[in-house]
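Protein chains in written order, with the numbering used here: chain A, 52 to 418; chain B, 8 to 317.
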Amino acid sequence: MAEVEYRGVSRRFGEIQALHDLDLLVADGEFLILVGPSGCGKSTALRLLAGLDKPTSGEILIAGQPVTRLGPGERDIAMVFQNYALYPHMSVFANLAYGLRQRRTPRAEIQRRVRETAVLLDIDGLLDRKPGQLSGGQRQRVAMGRAMVRRPQAFLLDEPLSNLDAKLRTQVRGDLKRLHLELPVTSIYVTHDQVEAMTLGDRICVMSNGEVQQLGTTDDIYNRPANTFVAGFMGSPPMNLVAGEVRGGVVRVAGAALADFSSPDAPVTVGFRPEDLRIVGPLETDSVPVRIDVCEPLGSHVLVHALVDGSGAESSPTKVIAQAPPGTTYDPGARVGLTVAPGKTFVFDAETGRAAPPPTRERIATA
Amino acid sequence: MAGQDAAAFPPAARPGWVGRLRRSESATGWMLVSPGAILIGIFGLLPVLMALKLSFQKSDLLTPETPWVGTRNYRQLADDPRFAEAIQHTIVYTALFVPGTMLVGLLVAAALNRSVRFISVYRTAAYITMAVSTISEGIIFLWLTDKDYGLVNATLNVVGISSQPFLASTSQALYVIVAMTIWGWTGFAVIVYLAALQGVPVELHEAAAIDGARPFTRFRTITLPLLSPASLFLMVWLTINALQLFDEVYLTTRGGPLHATTVIVYYLWDQAFVQFNAGYAAAMAYALFVVIVIFTALQFWLSRKFVHYS
Ligand SMILES: Nc1ncnc2c1ncn2[C@@H]1O[C@H](COP(=O)(O)OP(=O)(O)O)[C@@H](O)[C@H]1O
Ligand SMILES: [Mg+2]
Numbered sequence: 052m053a054e055v056e057y058r059g060v061s062r063r064f065g066e067i068q069a070l071h072d073l074d075l076l077v078a079d080g081e082f083l084i085l086v087g088p089s090g091c092g093k094s095t096a097l098r099l100l101a102g103l104d105k106p107t108s109g110e111i112l113i114a115g116q117p118v119t120r121l122g123p124g125e126r127d128i129a130m131v132f133q134n135y136a137l138y139p140h141m142s143v144f145a146n147l148a149y150g151l152r153q154r155r156t157p158r159a160e161i162q163r164r165v166r167e168t169a170v171l172l173d174i175d176g177l178l179d180r181k182p183g184q185l186s187g188g189q190r191q192r193v194a195m196g197r198a199m200v201r202r203p204q205a206f207l208l209d210e211p212l213s214n215l216d217a218k219l220r221t222q223v224r225g226d227l228k229r230l231h232l233e234l235p236v237t238s239i240y241v242t243h244d245q246v247e248a249m250t251l252g253d254r255i256c257v258m259s260n261g262e263v264q265q266l267g268t269t270d271d272i273y274n275r276p277a278n279t280f281v282a283g284f285m286g287s288p289p290m291n292l293v294a295g296e297v298r299g300g301v302v303r304v305a306g307a308a309l310a311d312f313s314s315p316d317a318p319v320t321v322g323f324r325p326e327d328l329r330i331v332g333p334l335e336t337d338s339v340p341v342r343i344d345v346c347e348p349l350g351s352h353v354l355v356h357a358l359v360d361g362s363g364a365e366s367s368p369t370k371v372i373a374q375a376p377p378g379t380t381y382d383p384g385a386r387v388g389l390t391v392a393p394g395k396t397f398v399f400d401a402e403t404g405r406a407a408p409p410p411t412r413e414r415i416a417t418a
Numbered sequence: 008m009a010g011q012d013a014a015a016f017p018p019a020a021r022p023g024w025v026g027r028l029r030r031s032e033s034a035t036g037w038m039l040v041s042p043g044a045i046l047i048g049i050f051g052l053l054p055v056l057m058a059l060k061l062s063f064q065k066s067d068l069l070t071p072e073t074p075w076v077g078t079r080n081y082r083q084l085a086d087d088p089r090f091a092e093a094i095q096h097t098i099v100y101t102a103l104f105v106p107g108t109m110l111v112g113l114l115v116a117a118a119l120n121r122s123v124r125f126i127s128v129y130r131t132a133a134y135i136t137m138a139v140s141t142i143s144e145g146i147i148f149l150w151l152t153d154k155d156y157g158l159v160n161a162t163l164n165v166v167g168i169s170s171q172p173f174l175a176s177t178s179q180a181l182y183v184i185v186a187m188t189i190w191g192w193t194g195f196a197v198i199v200y201l202a203a204l205q206g207v208p209v210e211l212h213e214a215a216a217i218d219g220a221r222p223f224t225r226f227r228t229i230t231l232p233l234l235s236p237a238s239l240f241l242m243v244w245l246t247i248n249a250l251q252l253f254d255e256v257y258l259t260t261r262g263g264p265l266h267a268t269t270v271i272v273y274y275l276w277d278q279a280f281v282q283f284n285a286g287y288a289a290a291m292a293y294a295l296f297v298v299i300v301i302f303t304a305l306q307f308w309l310s311r312k313f314v315h316y317s
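Structure below.
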C-alpha cells in the first residue's frame, strides 16, 4: 500500500490533449473515483499510472518514488480491465497464479495465496475452470482476484462493472465497498457512471476534456459543485441549469425571485436539483412558470419534465426536471409553477460556469 | 423462423416427391453446387478410383493389357530399396521443412505485427514469395546456388569459404531444396500467423506486463498458446504438402544427384512415366495416401494437448 501522486501530468495524442496538467494526490489506502464522460481522459490517466503509456510531460510517483521511467511490471500495481483481460487458455487458478509465478514466488506460497484470495472472493469452486466457462459476474471476480492476489501497492480499476447487468452491478458495487473496508489498498476507480461514483468513493475526482473539474467528497461534489459541468453531470437526474439574473440582490429566473444574493447585477446560470423543487399553481408568487412536457412515473416518485418559458428573446425553452410524489400526473402542456426549497438555489457565472459563493452563506451574511 | 413462415404460409400443395423436393432447401443447395460437384467428380474422384483399380494391376500405360496382379504391387513396395530411400528422404525433408517454415513464418509475422511506417510495404514483401511461381522459384535458386556464378557462393567466397556444390552435391542438395521450399512457403505461413496475431487482444499483453512478465515470457505464455489453432493448421497443411513434394525436385535436381533428392512422389512419377510401371506407382500413391491420413489424424490427436480454442 502506498500513496500515489500525479505531478503536472499531460498526455497528447497528436492533436488531442487527452490529459492536461493533472495534479492529484491519492492517499495511502484511499478509494478515489475518477469520473467523467466518455473520452475525458480517465483511462489515459490510469494507463499512465500503470506504465502502459508514457506521459508527454510531468511525473508520476508511487510511495514517493518517481516511477515514470519504470515499466508496468516494475511498479507493483495491479489493474482490473473493463473486459477483464483474463488469460483465456489458462485455468482460473493459473490466471491468479500468473503474476506470482512471474515474481518467482515459492510454489506452496502461490497455492496458499491463490486459495486464500479465491475464498475471499467466493471463486474457490471455480479454480479449475477456464474463463470461457464462467459467467460475467464470475469473470469479474476472477479479474479482481488476479489483482488482489499479488497484494500490490495500488489497484487500478477501469470501468470494472460496465460489462455486468444492472442488478449484478449494484450487488458487486456493494461487494467492492466491503472488500475495500476489509483490505484498504490504495485504489483508483474509473467510471463514467456518476451513481457508481457517488456510492463507492472516499473522494471523487470529476474530469472533463482532460482536466479536473472538481476534487472532493461526495458531499462536496453534490452540495457544492464547483461549476456547471459538475452540477450538470452528477446526480440522477442531474441539477437543472437555467439562464437567470441577479438584480437588486435577488436571483431571478423568468421573473421569479428564488433567493437573496448579494452581488452586482449580472446575468447568471441558476441551478436547482430536481428533488429540491415543488410543483405549485401557475400563479403562485416567486414560482418559476413552466409548461409540463411529460411525466415519468418511477414507482417511488415521478419525474416531471417541464419547459421554462423563455423571456421571449431566447429561441428554445430550457428543459427542467422536478421530482414529485408518486401519483402525480399532469397533462402535457399544462401550466404550473416551480418553487425551490430554501437554500437550495445554486448560482454560477453565466460566462465561465464557475460557482458563485454558496447561497446559504450569503443569505446568512446579509441577514 | 423459416419453419414458422412455412407453417403460416404453406406453399401450394403438390403431391409426392416433386412437392417435397421443391420445398427442401437441400435440393436447392445441391443444384447450386452441382456444376462444381460434377467437375470434381469427373476430374477428381474418378481418377482416384481408377488409380485404386490400377494399383492391383500391371500396366505400362501403353499396351491395353492390364492383367490383375492382386497385392503384388504392394508387396513389392516393401522390398524396394529405392522406395525405402525415397521414404527416408521424404521424412528428412518433412522434418526440416515443416518446423522451419513455421518458425520463419512466425518470426516474420511477429516482426510485422506492429504499426510502424510503411508496414504494408514490408507485409507485401513478405507475402510476395507466395506469388512467385514454383518454376521461377526453382530458377532463382538454381542461379543463387550456381557453382561458378551464384550469389551464395560469391558471398561465401568473400568471407573466405570456398565454393560449395549445393544442388550438385549428394550431401547438400536435399537441404538446398528444404531452404528453397521454406522460402517459397514463408509468405503463406506469415499470412496465417499475422491474421492469428491480430486476433490476440492487446489487453492480454498489458495484463501480463502488469503481472510482471517480460516480453519473451509474454510471447511464450500468452501469444504462442493463443496462436495454437493457427499452428495446428499450418502443421497439418505443410506436412501434407511436404509429403507430396515434387515440383521443386523436378525443376532443380530431377531426383539427383545419385537419387539424393528422390522423394516419394518423385520416385512415383519416375516409376509411372519414365519406367512405365503404372500399377506399381499407383500402389505407391495409395501407400502415401494412407501415410498422410495417419499423419494428419496423429497431428489432430496430439493437438488436443496443445491447441487452445477460444
Ligand atoms: N492510443 C491513442 N491514440 C490516439 N488517441 C487516443 C489514444 N488513447 C486515447 N486517445 C484519445 O484520448 C482521449 C481520452 O481517451 P480515454 O482516456 O480513453 O477516455 P476515457 O477513458 O475517459 O473514455 C480520447 O479523445 C481518445 O480518443
Ligand atoms: Mg476509458
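Beta carbons are placed, not taken as given, at the ideal position from N, Cα and C, and that holds for glycine.
Please state whether the Cβ-Cβ distance between residue i and residue j is less than 9 Å.
| i | j | result |
| --- | --- | --- |
| methionine 258(A) | glycine 92(A) | yes |
| glycine 191(B) | threonine 141(B) | yes |
| valine 272(B) | phenylalanine 253(B) | yes |
| glycine 388(A) | valine 331(A) | yes |
| leucine 309(B) | alanine 292(B) | no |
| tyrosine 138(A) | alanine 214(B) | yes |
| threonine 268(B) | threonine 259(B) | yes |
| glycine 300(A) | aspartate 311(A) | yes |
| isoleucine 128(A) | glutamine 204(A) | yes |
| leucine 75(A) | serine 61(A) | no |
| histidine 140(A) | histidine 266(B) | no |
| isoleucine 111(A) | leucine 103(A) | no |
| alanine 317(A) | alanine 401(A) | yes |
Should residue i be listed as close to ligand 2, given that the test is whether its C-beta is under 8 Å from any heavy atom?
| i | result |
| --- | --- |
| valine 210(A) | According to the sequence as given, residue 210(A) is glutamate; it is not valine. Yes, ligand 2 has a heavy atom inside 8 Å of this Cβ. |
| valine 241(A) | yes |
| serine 259(A) | no |
| lysine 93(A) | yes |
With DSSP as the reference, please indicate the residues paired to residue i in a beta bridge.
| i | result |
| --- | --- |
| lysine 370(A) | Leu358(A) |
| methionine 258(A) | Val263(A) |
| glutamine 83(B) | Beta-bridge pairing links glutamine 83(B) to no other residue. |
| arginine 130(B) | Paired residue(s): none; arginine 130(B) is not in a bridge. |
| glutamate 15(A) | What is shown of chain A runs 52 to 418, which leaves residue 15(A) out entirely. |
| arginine 227(B) | Note: arginine 227(B) sits in no beta bridge, so no partner. |
| methionine 130(A) | Leu207(A) |
Just the Cα atoms here: how many angstroms apart are residue i and residue j?
| i | j | result |
| --- | --- | --- |
| glycine 404(A) | asparagine 278(A) | 5 Å |
| glycine 145(B) | valine 256(B) | 9 Å |
| alanine 180(B) | proline 264(B) | 8 Å |
| serine 362(A) | alanine 385(A) | The predicted model places serine 362(A) with a pLDDT of 49, which falls under 50 and marks its position as unreliable; any figure quoted below should be read in that light. Taking the straight line from one Cα to the other gives about 18 Å. |
| histidine 356(A) | alanine 220(B) | 54 Å |
| phenylalanine 280(A) | proline 88(A) | 11 Å |
| proline 70(B) | threonine 78(B) | Here the sequence assigns threonine to residue 70(B), which means proline is not the residue at that position. Their Cα atoms are separated by approximately 21 Å. |
| leucine 241(B) | isoleucine 147(B) | 25 Å |
| proline 222(B) | threonine 168(A) | 27 Å |
| asparagine 80(B) | serine 31(B) | 47 Å |
| isoleucine 67(A) | alanine 202(B) | 30 Å |
| arginine 155(A) | leucine 233(B) | 24 Å |
Should residue i be counted as a contact of ligand 1 given a C-beta to heavy atom distance under 8 Å?
| i | result |
| --- | --- |
| valine 314(B) | no |
| alanine 101(A) | no |
| cysteine 256(A) | no |
| phenylalanine 132(A) | no |
| phenylalanine 64(A) | yes |
| serine 89(A) | yes |
| threonine 421(A) | Since the displayed chain A opens at 52 and closes at 418, residue 421(A) lies outside it and no answer follows. |
| alanine 69(A) | yes |
| alanine 6(A) | This structure cannot settle anything about residue 6(A), because the visible part of chain A is limited to 52 through 418. |
For residue i, return the contacting residues in chain E, with the cut-off set at a CB-CB distance below 8 Å.
| i | result |
| --- | --- |
| leucine 233(B) | Checking the listed chains, one finds no chain E in this structure; the protein chains it contains are A and B. |
Which residues, in chain order, does the stretch 145–157 of chain A contribute to contact with chain B at a C-beta distance below 7 Å?
Cβ contacts with chain B come from Tyr149, Gly150, Gln153 and Arg154.
Residues, ordered as in the chain, of the stretch 211–229 of chain B that lie near chain A by beta-carbon distance below 8 Å:
Here the close residues are Leu211, Glu213, Ala214, Ala215, Ala216, Ile217, Asp218, Gly219, Ala220, Arg221, Thr224, Thr228 and Ile229.
Proximal residues, the stretch 250–267 of chain A versus chain B, C-beta separation under 8 Å:
Nothing from the stretch 250–267 of chain A brings a Cβ to less than 8 Å from some Cβ of chain B.
Report the residues of the stretch 233–267 of chain B with a CB closer than 9 Å to any CB of chain A, ordered along the chain.
Taking 9 Å as the Cβ-Cβ cut-off against chain A, the residues of the stretch 233–267 of chain B that qualify are Leu233 and Ser235.
Tell me which residues of the stretch 112–140 of chain A have at least one Cβ-Cβ distance to chain B shorter than 9 Å, keeping chain order.
Result list: Gly122, Pro123, Gly124, Glu125, Arg126, Asp127, Ile128, Ala129, Met130, Phe132, Gln133, Asn134, Tyr135, Ala136, Leu137, Tyr138, Pro139 and His140.
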